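For reference, the structure discussed in these notes is given below.
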Amino acid sequence: MAQVVLKNVKKSFGAVEVIKGVDLTIESGEFCVFVGPSGCGKSTLLRMISGLEEQTSGTIEIDGKDVSNAEPSKRGIAMVFQSYALYPHLTVRDNIGFGLSLARTPKPEIKRRVEETAEILQLGPLLDRKPKELSGGQRQRVAIGRSIVRNPKVFLFDEPLSNLDAALRSQMRIELTDLHANLGTTMIYVTHDQVEAMTMADKIVVLNGGVIEQVGSPMDLYERPATPFVAGFIGSPKMNLYEGKVAEAMGCATYGIRPEHVVISDAEGQWTGRVRHVERLGADTIVHLEVPDLGPLVARVEGSRTFEPGQQVKATPMAEREFRH
Ligand SMILES: Nc1ncnc2c1ncn2[C@@H]1O[C@H](COP(=O)(O)OP(=O)(O)O)[C@@H](O)[C@H]1O
Ligand SMILES: [Mg+2]
1 MAQVVLKNVK KSFGAVEVIK GVDLTIESGE FCVFVGPSGC GKSTLLRMIS GLEEQTSGTI
61 EIDGKDVSNA EPSKRGIAMV FQSYALYPHL TVRDNIGFGL SLARTPKPEI KRRVEETAEI
121 LQLGPLLDRK PKELSGGQRQ RVAIGRSIVR NPKVFLFDEP LSNLDAALRS QMRIELTDLH
181 ANLGTTMIYV THDQVEAMTM ADKIVVLNGG VIEQVGSPMD LYERPATPFV AGFIGSPKMN
241 LYEGKVAEAM GCATYGIRPE HVVISDAEGQ WTGRVRHVER LGADTIVHLE VPDLGPLVAR
301 VEGSRTFEPG QQVKATPMAE REFRH
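To convert, note that position 263 of the sequence shown is 263 in our numbering; the numbers rise steadily by one, no gaps.
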């Protein structure tokens, strides 16, 4: 277990500054997720923590030690990438133990640690298979096993689930959360997927254009977004956001309301809208409205409700849930 502290970390590639001064403390044992759109600097930040990329300025501490200039192998970290290059000619056992063999770890110890790791990841029955005899999720678990077996102080994950299909992704989210609960190790996890961030993180760091927009627990970010960017990025379907005249009329620069906080009624309401499109998902119904006073408005209604395209309905924002910035 180890705390990770970044102090005014910056990174430029040539003349372009891509990380613009990051201050951040990740507590020992925390599951911390870096989330943000593609190109915002998530991987660069993670790679600087790992030592694969050198920061232009600032310091990085792991477990109370300044590792700003330390080799990756001296930082006590293990990294899992999106593309998990397993050795195709080696068995699961040898793939997991590969790093230990390289480090000349005694054979009986390798065997013990590989088997412990396989136990944690439920790979025991698969130890003698080759990667091509495994499913996508099993391969990803082997890649994670290679990291666990080294007993790192900090795990670093860079979009490890992006190559998996939706069903497997949601299963792996649960597996990784359980793994974190079992190991109690500090984990830093990069994703562009706010659902992964919301479901897995103790602490979410929202990055945008190389700066931190907000740091907080999933519910902090959902209930009290600090900026319009965070308001729009966290939550699905997205918060309805309005600027310009609409927001001015509401007394702010940006006005927002989440789809689940819009009440739809046939009888009365603050806005009158026309139904443009309806998505019936079973458990709830997403209604896309056109509101003359506002523009497009998306509302989420519980259960399976029938709306006719073109139908007029009334919509009212829940007052205590409005976002004003
Ligand atoms: N080696 C590099 N040389 C030049 N530019 C880079 C390099 N690596 C990343 N970048 C740029 O830095 C920015 C952040 O990239 P990255 O950290 O990979 O973003 P993310 O992981 O959030 O998608 C992008 O604009 C990217 O093009
Ligand atoms: Mg990336």
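Virtual Cβ for every residue (Gly too), placed ideally from N, Cα, C. From a predicted model like this one, the values you see are computed outputs, not experimental measurements.
Compare the C-alpha of K132 against each of L90, Q171 and G273 and name the closest.
Your numbering for residue 132 matches position 132 in the sequence shown. Ranking L90, Q171 and G273 by Cα distance to K132 puts L90 first.
Whole angstroms is fine: what's the gap from V142's alpha carbon to D165's?
Taking the first residue of the sequence shown as position 1, residue 142 is located at position 142. Taking the first residue of the sequence shown as position 1, residue 165 is located at position 165. Each residue's Cα considered, the two are about 17 Å apart.
Going by the C-beta, is K10 closer than 7 Å to any heavy atom of ligand 1?
For this step, residue 10 is matched to residue 10 along the sequence shown. With a cutoff of 7 Å, K10 does not count as near ligand 1, since its C-beta is closer than that to no heavy atom of the ligand.
May I ask which residues mark the beginning and end of the alpha helix (DSSP H) holding E109?
Start at 1 with the first residue of the sequence shown, and residue 109 comes out as number 109. Unbroken alpha helix (DSSP H) run through E109: K107 to I120.
Helix, strand or coil for G58 per DSSP?
Taking the sequence shown and counting its residues from 1, the one referred to as residue 58 is at position 58. It is a strand residue.
Going by other Cβ atoms of all chains shown within 10 Å of its Cβ, with 16 needed for buried, is A197 buried or exposed?
Locating residue 197 in the sequence shown gives position 197, where the first residue counts as 1. That one is buried.
Is the beta carbon of C32 closer than 8 Å to that of I188?
In the sequence shown, residue 188 corresponds to position 188, counting from 1. In the sequence shown, residue 32 corresponds to position 32, counting from 1. Yes, the Cβ-Cβ distance between I188 and C32 is below 8 Å.
I need the boundaries of the beta strand (DSSP E) containing E17, first residue and last residue.
As a first step, residue 17 must be located in the sequence shown, where it is residue number 17. It spans V16 to I26 - the beta strand (DSSP E) in which E17 sits, taken as one unbroken run.
Checking the sheet assignment: what are the DSSP bridge partners for F81?
As a working mapping, residue 81 is identified with position 81 in the sequence shown. According to DSSP, F81 bridges with nothing at all.
Alpha carbon to alpha carbon, what distance is there between V35 and D193?
For the purposes of this step, residue 193 is taken as the residue at position 193 of the sequence shown. For the purposes of this step, residue 35 is taken as the residue at position 35 of the sequence shown. Their Cα atoms are separated by approximately 7 Å.
For E268, count neighbouring C-beta atoms within 10 Å of its own C-beta (all shown protein chains included) and say buried if the count is 16 or more, exposed if not.
By 1-based counting over the sequence shown, the position of residue 268 is 268. When all chains shown are included, E268 counts as exposed.
Indicate whether K10 and T59 have their beta-carbon atoms separated by less than 8 Å.
Counting from 1 along the sequence shown, the entry for residue 10 is found at position 10. Counting from 1 along the sequence shown, the entry for residue 59 is found at position 59. Not in contact: K10 and T59 (Cβ atoms no closer than 8 Å).
Across the stretch 238-249 and the stretch 263-282, are there enough close Cβ pairs to call them in contact, namely three or more that are closer than 8 Å?
no
Mind the definition here: the stretch 250-262 touches the stretch 296-310 only if three or more C-beta pairs lie below 8 Å; say whether that holds.
yes
Sort F81, L52 and P88 by Cα distance to K74 and report the nearest one.
Position 74 of the sequence shown holds residue 74. Ranked by Cα distance from K74, the first of F81, L52 and P88 is L52.
Confirm, please, whether the CB-CB distance from R321 to I234 is below 8 Å.
Here the question's residue 234 lines up with position 234 in the sequence shown. Here the question's residue 321 lines up with position 321 in the sequence shown. Contact flag unset, no.
Can you tell me whether A226 is helix, strand or coil according to DSSP?
Along the sequence shown, read from residue 1 onward, the residue named residue 226 stands at position 226. A226 falls in the coil class under three-state DSSP.
Can you give me the start and stop residues for the beta strand (DSSP E) that F13 sits inside?
Residue mapping note: residue 13 aligns to position 13 of the sequence shown, counting from 1. Under the DSSP assignment, F13 falls in the beta strand (DSSP E) whose first and last residues are V4 to F13.
Tell me where the alpha helix (DSSP H) around D94 begins and ends.
On the sequence shown, position 94 is the one that residue 94 refers to. Here the alpha helix (DSSP H) through D94 covers V92 to L102.
For the candidate residues P108, V206 and F323, whose alpha-carbon lies nearest to that of R224?
Mapped onto the sequence shown, residue 224 falls at position 224. Among P108, V206 and F323, the Cα nearest to that of R224 belongs to F323.
From V22 to E115, what distance separates their C-alpha atoms?
For the purposes of this step, residue 22 is identified with residue 22 of the sequence shown, where counting begins at 1. For the purposes of this step, residue 115 is identified with residue 115 of the sequence shown, where counting begins at 1. Taking the straight line joining both Cα atoms gives about 39 Å.
Once you ignore the five residues that flank V5 on each side, which residues in its own chain have a CB closer than 6 Å to its CB?
Taking the first residue of the sequence shown as position 1, residue 5 is located at position 5. So the qualifying residues of the chain are T25 and E61.
With the cut-off set at 8 Å, would you say L156 and I49 are in Cβ contact?
Start at 1 with the first residue of the sequence shown, and residue 156 comes out as number 156. Start at 1 with the first residue of the sequence shown, and residue 49 comes out as number 49. Yes, the Cβ-Cβ distance between L156 and I49 is below 8 Å.
Between the alpha carbons of V329 and S304, how many angstroms are there, rounded?
The chain is shown only over 1 to 325; residue 329 falls outside these bounds and no answer can be derived.
Hey, would you say the C-beta of C32 is under 7 Å away from at least one heavy atom of ligand 1?
As a position in the sequence shown, residue 32 is number 32, starting the count at 1. Because no heavy atom of ligand 1 lies under 7 Å away, the Cβ of C32 does not count as near it: no.
Count Cβ pairs between the stretch 101-115 and the stretch 176-183 that sit closer than 8 Å; are there 3 or more?
no
In chain order, what residues of the same chain have a beta carbon less than 7 Å from the beta carbon of G282, not counting five sequence neighbours either side?
On the sequence shown, residue 282 is found 282 positions in, with the first residue counted as 1. S304.
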